[in-house]
Amino acid sequence: MSQTTIAKCAVAMFAVTTAVFSLAACGANSSDKNTSSSNDVQIINIAGVTGKKPYTYVNGDNYTGYDFELLKKIDEKLPQYEFKYTALAQDALLTGLQSGKYDAATCSFYGTAERFKTFDYSENPTGLSDARLIIRSDEKDINSLEDLAKSGKKLAPIPTDDARYTLISQYNEEHPDNKIEFEGATEKSATVADVLKAVGAGKYDAAIYPYTSFQSIKDELDLDLTTTDSIGLFPTVFLYHKGDSTAKLRKDIDKVLDDFRQDGTLSKLSEKWYGEDVFSLPGADKVDSVIYWE
Numbered sequence: 000m001s002q003t004t005i006a007k008c009a010v011a012m013f014a015v016t017t018a019v020f021s022l023a024a025c026g027a028n029s030s031d032k033n034t035s036s037s038n039d040v041q042i043i044n045i046a047g048v049t050g051k052k053p054y055t056y057v058n059g060d061n062y063t064g065y066d067f068e069l070l071k072k073i074d075e076k077l078p079q080y081e082f083k084y085t086a087l088a089q090d091a092l093l094t095g096l097q098s099g100k101y102d103a104a105t106c107s108f109y110g111t112a113e114r115f116k117t118f119d120y121s122e123n124p125t126g127l128s129d130a131r132l133i134i135r136s137d138e139k140d141i142n143s144l145e146d147l148a149k150s151g152k153k154l155a156p157i158p159t160d161d162a163r164y165t166l167i168s169q170y171n172e173e174h175p176d177n178k179i180e181f182e183g184a185t186e187k188s189a190t191v192a193d194v195l196k197a198v199g200a201g202k203y204d205a206a207i208y209p210y211t212s213f214q215s216i217k218d219e220l221d222l223d224l225t226t227t228d229s230i231g232l233f234p235t236v237f238l239y240h241k242g243d244s245t246a247k248l249r250k251d252i253d254k255v256l257d258d259f260r261q262d263g264t265l266s267k268l269s270e271k272w273y274g275e276d277v278f279s280l281p282g283a284d285k286v287d288s289v290i291y292w293e
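So for the sequence shown, numbering that gives the first Met the number 0 puts the first residue at 0; every next one is plus one.
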């Protein structure tokens with residue numbers, strides 16, 4: 000057989016092998032599609048919400064922000080996995096996570112009982128959210144939820160499926176004689192900027208957001224606003240496709256999250272991206288595991 004004939008046979012065999020492999024990959028189940036047989040490294044598809052600085056956003060080709068940087072550091076500690084990232088709108092992210100298109104999702108998510116019916120979650124916090132009241136700088140009556148309730152002033156509406164809504168609802172249940180008057184938001188499209196502009200204009204007297212959300216946008220808005228002291232520290236979580244397919248991944252990541260909290264990695268990321276070490280705030284040491292609202 001000539002060398003030319005041998006070469007042609009080799010090319011043909013490679014083409015057939017490639018075609019068979021492609022067909023097999025298309026028909027593989029979700030656990031098979033994420034595993035590289037050549038080196039036993041499991042590919043983990045992770046989605047973040049696009050444009051959510053300082054949590055998850057894309058800068059050129061770089062997936063960055065607190066959550067993405069944390070995941071990259073976790074990936075370095077887990078050689079059995081290779082994390083692949085994407086960023087998209089939250090509704091599409093949650094749909095893809097539920098279907099199994101993505102193995103995990105991140106964007107400083109709060110935990111809620113309703114959310115955990117659909118998704119699994121990290122048992123150890125990915126971070127802490129420092130919730131505060133955003134008020135006008137000349138506001139003298141409000142520095143706490145109790146002050147807001149007592150003053151009778153107006154809180155900006157909060158979407159009813161948002162953890163902040165549940166926070167205020169629970170406060171009112173615990174303080175029946177000093178309730179905060181508030182409404183559920185009818186327009187989910189209202190951005191943080193929209194709400195803060197409304198506070199600045201006097202339409203509302205206060206709004207509730209994580210301190211980081213305010214810090215990341217205040218200079219851009221150029222509004223005469225400030226924040227109260229912290230009104231609560233709440234753990235944030237990674238969400239996972241629900242089921243046994245992500246059980247080991249969850250366990251492995253939780254171990255690294257615990258290590259990172261102990262060795263100061265989470266504190267350093269918090270200082271870099273949030274402008275404060277949330278893990279050094281009063282009460283932070285008591286937030287030992289994920290809590291969620293009914």
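The beta carbon of each residue, even a glycine, is placed where N, CA and C say it ideally should be.
Spatial neighbours of residue i within its chain, please: C-beta separation below 8 Å, excluding the five flanking residues on both sides.
| i | result |
| --- | --- |
| SER21 | Here the model assigns SER21 a pLDDT of 36, short of 50, so the residue's position is not dependable and the matter cannot be decided. |
Does DSSP put residue i in a helix, a strand or coil?
| i | result |
| --- | --- |
| LEU22 | Below a pLDDT of 50, predicted positions are generally treated as unreliable, and LEU22, at 32, falls in that range; no measurement from the model is reported. |
| LYS157 | What sits at residue 157 in the sequence shown is Ile, not Lys. DSSP places ILE157 in strand when its eight states are reduced to three. |
| LYS127 | The displayed chain sequence assigns Leu, not Lys, to residue 127. The answer is strand: DSSP assigns LEU127 an E or B state. |
| THR49 | coil |
| THR190 | coil |
| SER108 | At residue 108 the sequence reads Phe, which differs from the Ser that was named. Reduced to three states, the DSSP call for PHE108 is strand. |
| LYS152 | coil |
| ILE179 | coil |
| ASP243 | helix |
| VAL286 | coil |
Alpha carbon to alpha carbon, how far is residue j from residue i? Give it in angstroms, no decimals.
| i | j | result |
| --- | --- | --- |
| GLN169 | ASP39 | 47 Å |
| GLY199 | ILE134 | 8 Å |
| ALA197 | ALA189 | 11 Å |
| ASP193 | TYR208 | 13 Å |
| THR211 | TYR65 | 11 Å |
| LEU93 | TYR109 | 14 Å |
| ALA27 | ILE43 | With a pLDDT of only 40 at ALA27, under the threshold of 50, the placement of this residue in the model should not be trusted; the figure read from the coordinates follows. Between ALA27 and ILE43, the C-alpha separation is close to 15 Å. |
| LEU232 | ASP129 | 5 Å |
| LYS116 | ASP137 | 43 Å |
| ASP119 | ALA246 | 9 Å |
Quick check on the DSSP output: the alpha helix (DSSP H) that includes residue i runs from which residue to which?
| i | result |
| --- | --- |
| ILE167 | 162 to 173 |
| SER212 | 210 to 220 |
| GLU81 | First-last for GLU81: 80 to 87, but that is the beta strand (DSSP E), not the alpha helix (DSSP H). |
| PHE67 | 65 to 76 |
Looking only at its chain, what residues have a beta carbon closer than 6 Å to the beta carbon of residue i, apart from the 5 residues adjacent to it on each side?
| i | result |
| --- | --- |
| TYR62 | TYR84 |
| TYR54 | GLY64, TYR65, ASP66, CYS106, SER107 |
| ASP257 | ASN123 |
The beta strand (DSSP E) with residue i in it runs from where to where?
| i | result |
| --- | --- |
| THR226 | 224 to 240 |
With three or more beta-carbon pairs closer than 8 Å as the criterion, would you say the stretch 102 to 110 touches the stretch 235 to 248?
Three or more Cβ pairs closer than 8 Å define a contact, and the stretch 102 to 110 meets that threshold against the stretch 235 to 248.
Contact between the stretch 247 to 264 and the stretch 220 to 232: three or more CB pairs below 8 Å?
The stretch 247 to 264, when compared against the stretch 220 to 232, does not touch it at the 8 Å Cβ threshold.
Inspect the CB distances between the stretch 70 to 86 and the stretch 204 to 222 and report whether three or more fall short of 8 Å.
In short, these stretches do not touch, since the Cβ pair count stays below three.
Report yes or no: do the stretch 198 to 212 and the stretch 140 to 160 share at least 3 C-beta pairs separated by less than 8 Å?
Touching, per the Cβ criterion.
Is the stretch 256 to 272 touching the stretch 155 to 170, taking contact as three or more C-beta pairs under 8 Å?
As far as the Cβ criterion goes, the stretch 256 to 272 does not touch the stretch 155 to 170, which means the pair count is below three.
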